[in-house]
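*Asks:* The structure under discussion is supplied below as structure tokens; questions concerning it will follow.
There are 2 protein chains.
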Amino acid sequence: MPATIRDVAAEAGVSVATVSRVASGGDYPIGAETKAKVLAAIERLNYRPNGMAKGLTQRNSRLIGVVAPDMSNPYYPEVTRGIEDVATARGYQVLSCSTDRDPARARASIDALLAKRVTALAVIGGGDEVVLPDGDLEAYGTEVVMIGRATRRFSTVRVENAEAGQEVGRHLLALGHRRIGFVAGHRGSSASDERLRGLRRALKDAGVEHRSEHVANGDYTEAGGYDATRRLMHASAPPSAIFAASDRMAIGALAALRDMQLRVPDDVALVGFDDIPMAEYLRPALTTVSVSAHRLGTEAMGLLLDGTGRPRRPQHLRVRTRMVIRESCGARRT
Amino acid sequence: MPATIRDVAAEAGVSVATVSRVASGGDYPIGAETKAKVLAAIERLNYRPNGMAKGLTQRNSRLIGVVAPDMSNPYYPEVTRGIEDVATARGYQVLSCSTDRDPARARASIDALLAKRVTALAVIGGGDEVVLPDGDLEAYGTEVVMIGRATRRFSTVRVENAEAGQEVGRHLLALGHRRIGFVAGHRGSSASDERLRGLRRALKDAGVEHRSEHVANGDYTEAGGYDATRRLMHASAPPSAIFAASDRMAIGALAALRDMQLRVPDDVALVGFDDIPMAEYLRPALTTVSVSAHRLGTEAMGLLLDGTGRPRRPQHLRVRTRMVIRESCGARRT
DNA sequence: CTGAAAGCGCTTACAG
DNA sequence: CTGAAAGCGCTTACAG
Numbered sequence: 001m002p003a004t005i006r007d008v009a010a011e012a013g014v015s016v017a018t019v020s021r022v023a024s025g026g027d028y029p030i031g032a033e034t035k036a037k038v039l040a041a042i043e044r045l046n047y048r049p050n051g052m053a054k055g056l057t058q059r060n061s062r063l064i065g066v067v068a069p070d071m072s073n074p075y076y077p078e079v080t081r082g083i084e085d086v087a088t089a090r091g092y093q094v095l096s097c098s099t100d101r102d103p104a105r106a107r108a109s110i111d112a113l114l115a116k117r118v119t120a121l122a123v124i125g126g127g128d129e130v131v132l133p134d135g136d137l138e139a140y141g142t143e144v145v146m147i148g149r150a151t152r153r154f155s156t157v158r159v160e161n162a163e164a165g166q167e168v169g170r171h172l173l174a175l176g177h178r179r180i181g182f183v184a185g186h187r188g189s190s191a192s193d194e195r196l197r198g199l200r201r202a203l204k205d206a207g208v209e210h211r212s213e214h215v216a217n218g219d220y221t222e223a224g225g226y227d228a229t230r231r232l233m234h235a236s237a238p239p240s241a242i243f244a245a246s247d248r249m250a251i252g253a254l255a256a257l258r259d260m261q262l263r264v265p266d267d268v269a270l271v272g273f274d275d276i277p278m279a280e281y282l283r284p285a286l287t288t289v290s291v292s293a294h295r296l297g298t299e300a301m302g303l304l305l306d307g308t309g310r311p312r313r314p315q316h317l318r319v320r321t322r323m324v325i326r327e328s329c330g331a332r333r334t
Numbered sequence: 001m002p003a004t005i006r007d008v009a010a011e012a013g014v015s016v017a018t019v020s021r022v023a024s025g026g027d028y029p030i031g032a033e034t035k036a037k038v039l040a041a042i043e044r045l046n047y048r049p050n051g052m053a054k055g056l057t058q059r060n061s062r063l064i065g066v067v068a069p070d071m072s073n074p075y076y077p078e079v080t081r082g083i084e085d086v087a088t089a090r091g092y093q094v095l096s097c098s099t100d101r102d103p104a105r106a107r108a109s110i111d112a113l114l115a116k117r118v119t120a121l122a123v124i125g126g127g128d129e130v131v132l133p134d135g136d137l138e139a140y141g142t143e144v145v146m147i148g149r150a151t152r153r154f155s156t157v158r159v160e161n162a163e164a165g166q167e168v169g170r171h172l173l174a175l176g177h178r179r180i181g182f183v184a185g186h187r188g189s190s191a192s193d194e195r196l197r198g199l200r201r202a203l204k205d206a207g208v209e210h211r212s213e214h215v216a217n218g219d220y221t222e223a224g225g226y227d228a229t230r231r232l233m234h235a236s237a238p239p240s241a242i243f244a245a246s247d248r249m250a251i252g253a254l255a256a257l258r259d260m261q262l263r264v265p266d267d268v269a270l271v272g273f274d275d276i277p278m279a280e281y282l283r284p285a286l287t288t289v290s291v292s293a294h295r296l297g298t299e300a301m302g303l304l305l306d307g308t309g310r311p312r313r314p315q316h317l318r319v320r321t322r323m324v325i326r327e328s329c330g331a332r333r334t
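Residue numbers (the working numbering), protein chains in the order written: chain B, 1 to 334; chain V, 1 to 334.
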């Protein structure tokens, strides 16, 4: 059995109240001598206050629940990492769950997190598999932030997807492309929808029509990108450029084009999204849109932790992107 | 305030003991009528037992602590996912921390996890930045498993690295290679060391000498693989084949070779390690060694959860690998 | 500045 | 089968 506060009190010859006060390290006035005795006892017994007991009395678990679709996409761990970084700096810890985009799994995760009385909840991903039990959230006083998903009920942190899509569109138009294929994420992904919307806006502004045969669904995986690209290239008027809603899909696209004996960027230009570490190491190096997933996480935690205690209205943050021009779009000849 | 067990007891007109027994769902004998009343009250009040209070009384937080170097390498989230899958199935949840291979961060994480009284601890990664306070672990009764790191004190789950390395070596030898470069992980990575040892054993068995100039350190990243490969190719007798200790480094190697105008596999054969999803979508498709990171996680949890309660001696599991032959090694012509 | 005591929300012998 | 009560390990008014 680990040492408890009573053990420390006995060892130091003081009351548990006193131990509690010095162990918590607040600014409660304590006699210097008393404090030294307690600190010594803590040290000797290797006392570490029980987090569950603390949580129970303080009505704050100091746990942040994170629910994400699936940690196999590097984007989610990176956002989570951002959350973790600010959480630990403030004495919180991260409890994370995967949903696999399965509503039942999502529901079970939320339930478990609520049972643990997480102080706050961060929901990552634009899917709609996660439905939050508003009543319970309110009863528990659980703060919520959604990362990458639109809603008015809760605070949100989102990427400037439409603007990014528009920027990619303009870039490709400037390079002379008129038929631009879009490899979308899975159905219902708002991030993907917004990127497409941005692309279309750019095309429209340039007076170029965008055909529906130039959109194909991937599912954010390499395999999805591969298949979608093949479908795109079999359109009646195949695109001369492809914009994939994720780098992983762009890698699939690269393979598909290669397998069809098409050169990138000479025959088909390619642009991805995310700027994952290996984008730079693909050949041709991938032109893509850089978004700091880590930053999404830290911003979200800022919203969450600053708001704790004093109830406020939902805040909505947008994180800007940055287009990274490398070789695959053809703007830079190798 | 959420409903407590007392609220439910009052609502159902029974004692809190009774509510506790039906809410916990054990096989404690309860009158059918009483049970129905309680269940109805639970439903009406939307009662969810407070996990902290449960943990405190049962002396079991039902939390599994996971500490990994860094979730940006897809391997770690995948192992963590394996842990999560069996954890949630058994009513546990995962508390995860990143160390960035920094001993100070690692120490702080372990401390925080211990304070939360995690039921068990899974340490992922072969680095040695994590040092466990044995005394405390014993006092807390915290079960430990190390994933990918050798030790006798705790249970371990490890990949058959040496065997895999040997298999890669034999394969490359059979293809006629005699100078095989090795792109290692960061210094002190036991996984990387073991893979190299396996490679050397294969070479030795074939009577081929392996020069130290044919080993270069990457750090498991694309950039590290890129630089290491360039160094390798500047050896007095450049290798005709390269074995990278991770797929991410292999991707860096691919770029480096490409940039040096060397064709893969015609000029230089290449083999990676991990079989990440995109390995199949690289061109040439990457020959690599498949290891189920997910499986490492599930096996580790099996060791952990089965052992809880009855103290046993450390168990040591090995997970086999499978070599996946694609194009980059040159065995299959495209 | 210090301590006795109530209380956080549960579980679990113990008694009936 | 059901309940009263002690206890898990803390914190925090309250009193001095």
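Just so you know, even glycine gets a beta-carbon here, dropped at the ideal spot from N, CA and C.
1) Should Asp219/B go down as buried or exposed, given a rule of 16 or more other Cβ atoms within 10 Å for buried?
2) Check the Cβ-Cβ distances between Glu43/B and every residue of chain V, and say whether any is below 8 Å.
3) Using the beta-carbon of each residue, which ones in chain V are nearer than 9 Å to Glu78/B?
4) Distance, Cα to Cα, Ser290/B vs Arg187/B?
5) Determine, using beta-carbon pairs with one atom in the segment 225 to 245 of chain V and one in the segment 255 to 271 of chain V, whether at least three such pairs fall under 8 Å.
6) Out of Thr221/V, Leu270/V, Gly225/V, Val319/V, point me to the one whose CA is closest to Arg277/B's CA.
7) Output the distance between the C-alpha atoms of Pro265/B and Ala285/V, rounded to the nearest integer angstrom.
8) Would you mind reading off the limits of the beta strand (DSSP E) that contains Glu143/V?
9) How is the beta strand (DSSP E) around Asn161/V delimited, first residue to last?
10) Can you tell which of Gly272/B, Phe273/B, Ser240/B has the C-alpha that lies nearest to the C-alpha of Arg263/B?
11) For the segment 128 to 155 of chain V, which residues have a beta carbon sitting closer than 9 Å to at least one beta carbon of chain B?
12) How many angstroms separate the CA atom of Ser96/V from the CA atom of Arg283/V?
13) Does the beta carbon of Gly26/B sit closer than 8 Å to a beta carbon anywhere in chain V?
14) Cβ closer than 7 Å: which chain B residues qualify as neighbours of Arg248/V?
15) So with Cβ pairs under 8 Å, would you call Asn217/V a contact of chain B?
16) Can you list, in chain order, the residues of its chain whose CB lies under 6 Å from that of Arg105/V, leaving out five sequence neighbours each side?
17) Applying a beta-carbon distance threshold of less than 7 Å, which residues of chain V neighbour Asn50/B?
18) Would the beta-carbon of Pro74/B fall within 8 Å of that of Ser72/V?
19) So for Ala106/B, helix, strand or coil by DSSP?
20) Helix, strand or coil: how does DSSP classify Ile42/B here?
21) What number of angstroms, rounded off, separates the C-alpha of Asp102/B from the C-alpha of Ser20/B?
22) Going by DSSP, what residues sit across from Arg318/V in a beta bridge?
23) Identify which residue in Arg152/B, Phe273/B, Ala122/B has its Cα closest to the Cα of Arg248/B.
24) Check the DSSP bridge columns for Gln93/B and list the partner residues they point to.
25) Once DSSP output is grouped into helix, strand and coil, what is the label at Ser212/B?
26) Could you tell me the distance, in whole angstroms, from the CA atom of Asp193/V to the CA atom of Ala184/V?
27) Any beta carbon from chain B within less than 8 Å of Met1/V's own beta carbon?
28) Please list, in chain order, all residues of the same chain as Val344/B whose beta carbon is under 6 Å from its beta carbon, the five residues on each side excluded.
29) Which residue marks the beginning of the alpha helix (DSSP H) containing Thr57/B, and which one marks its end?
30) Express the C-alpha separation of Ile242/B and Ala150/B in angstroms, rounding to a whole number.
31) For Thr268/V, tell me which candidate among Gly297/V, Arg179/V, Val319/V, Val79/V has the shortest Cα-Cα distance.
32) Examine chain V for any beta-carbon lying closer than 8 Å to the beta-carbon of Thr221/B, and answer yes or no.
33) How would you label Asn46/B, buried or exposed, when you count the other beta carbons within 10 angstroms and need 16 or more for buried?
34) Just the C-alpha distance for Arg48/B and Arg200/V, rounded to the nearest angstrom, thanks.
35) If you reduce the DSSP assignment to three classes, tell me which class Ala206/V lands in.
36) Closest to Ala223/V by C-alpha separation, out of Glu280/B, Thr4/B, Thr288/B, Pro77/B, would be which residue?
*Replies:* According to the structure shown:
1) Taking the first sequence and counting its residues from 1, the one referred to as residue 219/B is at position 219. Buried, because 16 or more other Cβ atoms sit within 10 Å of the Cβ of Asp219/B.
2) Here residue 43/B refers to the residue found at position 43 of the first sequence. With a threshold of 8 Å between beta carbons, Glu43/B makes no contact with chain V.
3) Reading the first sequence from its first residue, position 78 is the one you call residue 78/B. The contacting residues are Met71, Ser72.
4) The residue labelled residue 290/B in the question sits at position 290 within the first sequence. The residue labelled residue 187/B in the question sits at position 187 within the first sequence. Spanning the two alpha carbons is a distance of roughly 23 Å.
5) Taking a contact to require three or more Cβ pairs closer than 8 Å, the segment 225 to 245 of chain V and the segment 255 to 271 of chain V qualify as touching.
6) For this step, residue 277/B is matched to residue 277 along the first sequence. For the record, residue 277/B in the displayed sequence is Pro; it is not Arg. Nearest of Thr221/V, Leu270/V, Gly225/V, Val319/V to Pro277/B, Cα basis: Thr221/V.
7) For the purposes of this step, residue 265/B is taken as the residue at position 265 of the first sequence. For the purposes of this step, residue 285/V is taken as the residue at position 285 of the second sequence. Taking the Cα positions, Pro265/B is about 20 Å away from Ala285/V.
8) Taking the first residue of the second sequence as 1, we reach residue 143/V at position 143. Residues 143 to 147.
9) One-based indexing of the second sequence puts residue 161/V at position 161. Judged by DSSP secondary structure, Asn161/V falls outside any beta strand (DSSP E) and instead within the alpha helix (DSSP H) spanning 161 to 174.
10) By one-based count along the first sequence, residue 263/B stands at place 263. Closest option to Arg263/B, judged by alpha-carbon separation, among Gly272/B, Phe273/B, Ser240/B: Ser240/B.
11) Residues Pro133, Gly135, Asp136, Ala139, Tyr140, Gly141.
12) One-based indexing of the second sequence puts residue 96/V at position 96. One-based indexing of the second sequence puts residue 283/V at position 283. Between the alpha carbons of Ser96/V and Arg283/V lies a distance of about 35 Å.
13) As a position in the first sequence, residue 26/B is number 26, starting the count at 1. Not closer than 8 Å to any Cβ of chain V, the Cβ of Gly26/B fails to qualify, so no.
14) Numbered from its first residue, the second sequence carries residue 248/V at position 248. Correct list: Met278.
15) As a working note, residue 217/V is residue 217 in the second sequence. With 8 Å as the cut-off, Asn217/V does not count as an interface residue toward chain B.
16) Working through the second sequence from its first residue, we reach residue 105/V at position 105. Non-local C-beta neighbours of Arg105/V in its own chain, meaning closer than 6 Å and more than five positions away in sequence, comprise Thr99, ordered along the chain.
17) Here residue 50/B is taken as the residue at index 50 of the first sequence, counted from 1. Chain-ordered, the chain V residues with CB closer than 7 Å to the CB of Asn50/B read Arg117.
18) Numbered from its first residue, the first sequence carries residue 74/B at position 74. Numbered from its first residue, the second sequence carries residue 72/V at position 72. With contacts defined as CB atoms closer than 8 Å, Pro74/B and Ser72/V qualify as a contacting pair.
19) Residue mapping note: residue 106/B aligns to position 106 of the first sequence, counting from 1. In the structure shown, Ala106/B falls within a helical segment according to DSSP collapsed to helix, strand and coil.
20) Looking up residue 42/B in the first sequence gives position 42. Reduced to three states, the DSSP call for Ile42/B is helix.
21) Walking along the first sequence from the start, residue 102/B turns up at place 102. Walking along the first sequence from the start, residue 20/B turns up at place 20. Roughly 44 Å separates the two Cα atoms.
22) Along the second sequence, read from residue 1 onward, the residue named residue 318/V stands at position 318. Per the DSSP secondary-structure output, Arg318/V pairs in a beta bridge with Arg158/V.
23) Here the question's residue 248/B lines up with position 248 in the first sequence. Cα-wise, what sits closest to Arg248/B is Phe273/B.
24) Within the first sequence, numbered from 1, the residue matching residue 93/B stands at position 93. According to DSSP, which records beta bridges pairwise, Gln93/B is partnered with Leu63/B.
25) Taking the first residue of the first sequence as position 1, residue 212/B is located at position 212. For Ser212/B, the secondary structure class from DSSP, reduced to helix, strand or coil, is helix.
26) Position 193 of the second sequence, counted from the start, is the residue given in the question as residue 193/V. Position 184 of the second sequence, counted from the start, is the residue given in the question as residue 184/V. Going by C-alpha positions, Asp193/V is about 8 Å away from Ala184/V.
27) Position 1 of the second sequence, counting from 1, holds the residue named residue 1/V. Residue contact with chain B for Met1/V: present (Cβ-Cβ distance below 8 Å to some residue of chain B).
28) In the structure as shown, chain B starts at 1 and stops at 334, and residue 344/B therefore has no counterpart that could be examined.
29) Walking along the first sequence from the start, residue 57/B turns up at place 57. Element bounds for Thr57/B: 51 to 58.
30) Taking the first sequence and counting its residues from 1, one reaches residue 150/B at position 150. Taking the first sequence and counting its residues from 1, one reaches residue 242/B at position 242. Ala150/B and Ile242/B have their C-alpha atoms roughly 26 Å apart.
31) Locating residue 268/V in the second sequence gives position 268, where the first residue counts as 1. Note that residue 268/V is Val in the sequence shown here, rather than Thr. Of the listed residues, the one whose Cα sits closest to Val268/V is Arg179/V.
32) What you label residue 221/B is simply residue 221 of the first sequence in a count that begins at 1. Chain V contact via Cβ: present.
33) In the first sequence, counting from the first residue as 1, residue 46/B sits at position 46. Asn46/B should be labelled exposed.
34) Residue 48/B sits at position 48 when you count from the first residue of the first sequence. Residue 200/V sits at position 200 when you count from the first residue of the second sequence. Going from the Cα of Arg48/B to the Cα of Arg200/V covers about 47 Å.
35) As a working mapping, residue 206/V is identified with position 206 in the second sequence. Of the three classes helix, strand and coil, the one that applies to Ala206/V here is coil, per DSSP.
36) In the second sequence, counting from the first residue as 1, residue 223/V sits at position 223. If we check each option's Cα against that of Ala223/V, Glu280/B comes out closest.
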